[in-house]
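**Student:** Structure below; questions to follow.
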Amino acid sequence: MISCYLVRFVVIINYYSLFDMSKYIAKNEQDRCVACGVCMKTCPRDAVSIYKGCYAIVDEALCIGCGLCEKACPAGVMHKVIR
Amino acid sequence: MKAKKKKWSDYLWIVSATYFTIGFFNIVYAWLGTICFLIPLLMATFGGGKGYCNNYCGRGQLFLQIGNTLGWSRKKVAPRWLSSKWFRNGFLMFFMFFFVQMIWLTVQVAHGLEDLHQTIHLLWTFDVPWHWAYRTPIEPWMAQFAFGLYGIMLTSLIVGVVLTVVYRPRTWCVFCPMGNMTQMISRAKA
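So, in C-alpha cells, the structure goes:
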C-alpha cells in the first residue's frame, strides 16, 4: 500500500519533469551558426530546430544535454554546457 | 533511444550520386544541376528558409553517408576561421567569379567567338579532358554550359569529400556558397 503511494508520487513528480532535468544543455553560437540542419537531424529528442533558416535554436524543455549535436556540428558552434 | 524514422527525403543522396554517375557518361544530364541552384534560392525567397539544405540537399546527404554510414571521417571539428563571415563571403565571391566566367564562356561559344571546350575545369585550376561524355549532338553553347556546370558540381563534390574525410561530414556546408546565399535571404526576411 505504501509502495503504491510512493510509485504514484514518483510518477507525478516525473510528470512535472523535476527528476529528468539533466545537468547539461546544448547552446548554440547563433552569430556563427550556418543553419545547415545537421544538429536537427542528429537530435534524438527533436529538441533542435532551425529558426527561419537563420540559426539553430534549442528547446530547453526537450534537450537532455546528450551532446550528440556538439559532436556532429560541422561548424563547431554547438556546445554542451551546464544548465 | 529509438532510431529516427526515415522519410523519403532522406534518400535524396541516391539522386545526387546518380547525377554524378550519368554526368560522367553523358554531359547533357549536367543541366539537371541547375535544379540544385534554383530550388534553394526559390525556397528561401518564398519563405522556406533553409529547408533545402536541411531536408533536400542530396550532396549534403552524400557527405553524411560517406562520413557516418561508411565511417570515412576523422570527425574532428574544422578550424574556426572556416565559419567566419569573411571566409564565407570571400568564398562566395570566389565562387561567383568562376560562375560568371563559366557563363561568359557559354555566351562566347553561343556567338561563335570561342570553340567548344570539351573539358571540365576542376578545382578552379585543371582543365580535364571530358570529350567522351559529349555523345548527343546538341547546340555548342548548351554543351559548353553543361561542361561548365558539371565542373563546378564535381569540384564542390571533391572539396566536400576531402573535408568530410579530414574533418566532419558536411564541413562543406559551413561555407557552401548556396547555403550562404540562402542564409542571407533568410536573414533579410526574418
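Chains A and B are the protein sequences, given in the same order.
Heads up, the first sequence is in this note's numbering, so the first residue is 1238 and it goes up one at a time.
Heads up, the second sequence is in this note's numbering, so the first residue is 1409 and it goes up one at a time.
Ideal placement from N, C-alpha and C gives every residue a C-beta, glycine not left out.
Which word fits Glu-1227 of chain A, buried or exposed, when buried means at least 16 other C-beta atoms lie within 10 angstroms of its C-beta?
**Tutor:** No statement about residue 1227 of chain A is possible, as the shown extent of chain A runs from 1238 to 1320 and does not include it.
**Student:** Is any non-hydrogen atom of the ligand FMN found closer than 7 Å to the C-beta of Ile-1430 of chain B, if you look at the structure I gave you?
**Tutor:** Absence of the ligand FMN is noted for the structure shown, with no ligands found whatsoever.
**Student:** Closest to Cys-1280 of chain A by CA distance: which of A:Gly-1313, A:Tyr-1261, A:Lys-1289, A:Ala-1309 is it?
**Tutor:** Proximity to Cys-1280 of chain A across A:Gly-1313, A:Tyr-1261, A:Lys-1289, A:Ala-1309 peaks at A:Ala-1309, based on C-alpha coordinates.
**Student:** Note down, in chain order, each residue of its chain lying with its Cβ closer than 6 Å to the Cβ of Trp-1480 of chain B, except the 5 sequence neighbours on either side.
**Tutor:** Ile-1474, Val-1573
**Student:** Check whether the Cβ atoms of Pro-1537 of chain B and Gln-1552 of chain B sit closer than 8 Å, and answer yes or no.
**Tutor:** With a cutoff of 8 Å on beta-carbon distance, Pro-1537 of chain B and Gln-1552 of chain B are scored as not near each other.
**Student:** By DSSP, does Val-1285 of chain A sit in helix, in strand, or in coil?
**Tutor:** In the three-state reduction of the DSSP assignment, Val-1285 of chain A falls in the strand class, which pools E and B.
**Student:** Would you please state the rounded distance, in angstroms, between the beta carbons of Ser-1259 of chain A and Ile-1287 of chain A? I believe it to be under 8 Å.
**Tutor:** About 23 Å; that fails the 8 Å criterion.
**Student:** Determine which residues of the segment 1452-1463 of chain B have a Cβ less than 8 Å from any Cβ of chain A, and write them out in chain order.
**Tutor:** Ala-1452, Gly-1456, Gly-1457, Lys-1458, Gly-1459, Cys-1461, Asn-1462, Asn-1463
**Student:** Please decide whether Ile-1300 of chain A counts as near chain B, where near means a Cβ-Cβ distance under 8 Å.
**Tutor:** Note on residue identity: the sequence assigns Cys, not Ile, to residue 1300 of chain A. For Cys-1300 of chain A, the answer is no, since every Cβ of chain B falls outside 8 Å of its Cβ.
**Student:** Between Val-1314 of chain A and Arg-1269 of chain A, what straight-line distance do the alpha-carbon atoms span, to the nearest angstrom?
**Tutor:** Straight-line Cα distance between these residues: approximately 7 Å.
**Student:** Is there contact here, the segment 1459-1469 of chain B with the segment 1480-1497 of chain B, by at least three beta-carbon pairs under 8 Å?
**Tutor:** no
**Student:** In this structure, does DSSP put Lys-1413 of chain B in helix, strand or coil?
**Tutor:** When secondary structure is reduced to three states using DSSP, Lys-1413 of chain B falls in the coil class, being assigned neither helix nor strand.
**Student:** Should Cys-1581 of chain B and Val-1318 of chain A be called a contact, given that it needs their Cβ atoms to be closer than 8 Å?
**Tutor:** Not in contact: Cys-1581 of chain B and Val-1318 of chain A (Cβ atoms no closer than 8 Å).
**Student:** For chain A, is any of its Cβ atoms less than 8 Å away from the one on Ala-1598 of chain B?
**Tutor:** yes
**Student:** Leaving out five residues on either side along the sequence, give the residues of the same chain with a beta carbon under 6 Å from the beta carbon of Gly-1457 of chain B.
**Tutor:** Ser-1594
**Student:** Is Cys-1276 of chain A close to chain B? Criterion is C-beta to C-beta, closer than 8 Å.
**Tutor:** No, Cys-1276 of chain A does not count as interfacial toward chain B.
**Student:** Note the first and the last residue of the continuous beta strand (DSSP E) segment covering Ala-1598 of chain B.
**Tutor:** Unbroken run through Ala-1598 of chain B: none, as it is neither H nor E.
**Student:** Could you check whether Tyr-1558 of chain B and Ile-1435 of chain B sit closer than 8 Å to each other, using their CB atoms as the reference points?
**Tutor:** yes
**Student:** Name, please, each residue of chain A whose Cβ falls closer than 7 Å to the Cβ of Cys-1581 of chain B.
**Tutor:** Val-1271, Cys-1273, Pro-1311
**Student:** Looking at chain A, is there any beta carbon in it that lies within less than 8 Å of the beta carbon of Thr-1477 of chain B?
**Tutor:** no
**Student:** Using 8 Å as the Cβ pair cut-off and three pairs as the minimum, do the segment 1544-1551 of chain B and the segment 1516-1525 of chain B touch?
**Tutor:** yes
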